[in-house]
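Note sheet for the following structure.
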């Protein structure tokens, strides 16, 4: 079968599906190619928090020192598996060079802008498309059991305030009185009232439903194997034959660099950061809003339909094995803070590869030197939370409309 569409999007996760929906709404014919099933990648098992509070980039002053110290601790929150991988170490050299206050603050401003714009769009999308995904404007709490941990994060609050992110500092005793799910021993908490949550697997399934209803085509089990740039368009070679389009969007998360190389395109400096989660039936006593257990870097989200522990960052390439030590670290961390750290029945143990750029900003826009090839990748841990804003921005650029926000900080050409 050979088909011709206006836009082909490679990748059926949150970014790809949201972008497809925005383009269909703009009147484009769109086909999504997904190698497995929709939402089966990093969109599936994350904690589903929509967090402008996470505007601070990973490349922060002191991160390299911490990462080196954690290399001998396989269940550390940020772990780099020692190995010979030139691409990884080139990536880390650039990452390390950005671990300074100037770059950290600049990136925070741009990352925060996209997170906040996306967060503002979510209620509109939920209502307009009727997305049934357990969305709630809940806020998110950071919970600390040590003064040292709290003081480290409190030092960032002035910078978050400067970009418009509201915070509330709560004394530990007051927090314990208001949150019966936590054990005694909380030193303090920081609440981010503007954050929200949803159930990510249901969100992605709902995007797929609405996209199909509005005329978009989704081909599952249709792996893209290569891209050929032709005069006036692009051909995508798949396991089921060629697909032709005027424009193609690389939205395949951590796999996007491999597809870019197949077409001889500019290098996309994305590394896979492996994240983990465990999903349970909902315990009897759960936190009233999503919480981040800061000293252990564990995120806890409860929905009506379930309960999830997640987080950690493991640089182990495309290793497809479940690391049981890291899964165990999630449960041990939750047990330090919560009366009921796990649910009565375990439903899923999961990992996904987060697509990380070394400056912790996504790549959104035209690939340099190729008029008809676009990228929407590299969102790191923020793919769900940035999906609506990315979709709107990408559709604006492809449709040659005035963009709703400045696209310059996210351009692919910044890495040249």
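Numbering (my numbering), first residue to last: 159 to 574. Where a beta carbon is used, it is the ideal one built from N, C-alpha and C, also for glycine. Just so we're clear, the structure is a prediction, and the values are computed from it rather than from any experiment.
Should residue i go down as buried or exposed, given a rule of 16 or more other Cβ atoms within 10 Å for buried?
i	result
residue 278	exposed
residue 557	exposed
residue 481	buried
residue 574	exposed
residue 315	exposed
residue 268	buried
residue 488	buried
residue 169	buried
residue 223	exposed
residue 274	buried
residue 359	buried
residue 478	exposed
residue 194	exposed
residue 208	buried
Going along the chain, which residues of its own chain have a beta-carbon closer than 6 angstroms to the beta-carbon of residue i, five neighbours each way excluded?
i	result
residue 203	435, 508, 510
residue 162	402
residue 439	501, 502, 503
residue 569	523
residue 252	516
residue 461	292, 357
residue 164	186, 187, 404
Is the beta carbon of residue i sitting closer than 8 angstroms to the one on residue j?
i	j	result
residue 444	residue 339	yes
residue 522	residue 503	no
residue 192	residue 376	yes
residue 287	residue 368	yes
residue 412	residue 430	yes
residue 463	residue 433	no
residue 516	residue 301	no
residue 271	residue 563	yes
residue 317	residue 325	no
residue 384	residue 418	no
residue 231	residue 257	no
residue 374	residue 188	yes
Between residue i and residue j, how many whole angstroms is the CB-CB distance? I'm expecting something under 8 angstroms.
i	j	result
residue 211	residue 544	Actually they do not touch by this definition, with Cβ atoms about 14 angstroms apart.
residue 547	residue 514	Not a contact, Cβ separation roughly 18 angstroms.
residue 216	residue 518	5 angstroms
residue 505	residue 437	5 angstroms
residue 291	residue 357	5 angstroms
residue 261	residue 484	Actually they do not touch by this definition, with Cβ atoms about 29 angstroms apart.
residue 542	residue 199	With 8 angstroms as the limit, residue 542 and residue 199 do not qualify as a contact, their Cβ atoms being about 12 angstroms apart.
residue 328	residue 346	7 angstroms
Between residue i and the rest of its own chain, which residues show a CB-CB distance below 7 angstroms, the 5 nearest in sequence each way excluded?
i	result
residue 259	219
residue 393	386, 400, 402
residue 175	190, 196, 362, 365, 366, 369
residue 565	522, 523, 551, 555
residue 491	451, 454, 456
residue 414	408, 426, 428, 513, 533, 535
residue 446	337
residue 493	499
Excluding the five sequence neighbours on either side, which residues of its own chain have a C-beta within less than 8 angstroms of the C-beta of residue i, listed in chain order?
i	result
residue 342	334
residue 311	300, 302, 348, 452
residue 323	210, 211, 213, 270, 274, 350, 352
residue 538	216, 431, 512, 513, 514, 515, 518, 520
Would you call the region 468-478 and the region 222-242 in contact, with 3 or more CB pairs under 8 angstroms? Yes, they touch.
Within 8 angstroms, do at least three Cβ pairs link the region 167-182 to the region 359-374? yes
Do the region 328-335 and the region 282-296 meet, that is, are 3 or more Cβ pairs less than 8 angstroms apart? The answer is no - the region 282-296 does not touch the region 328-335, with fewer than three Cβ pairs under 8 angstroms.
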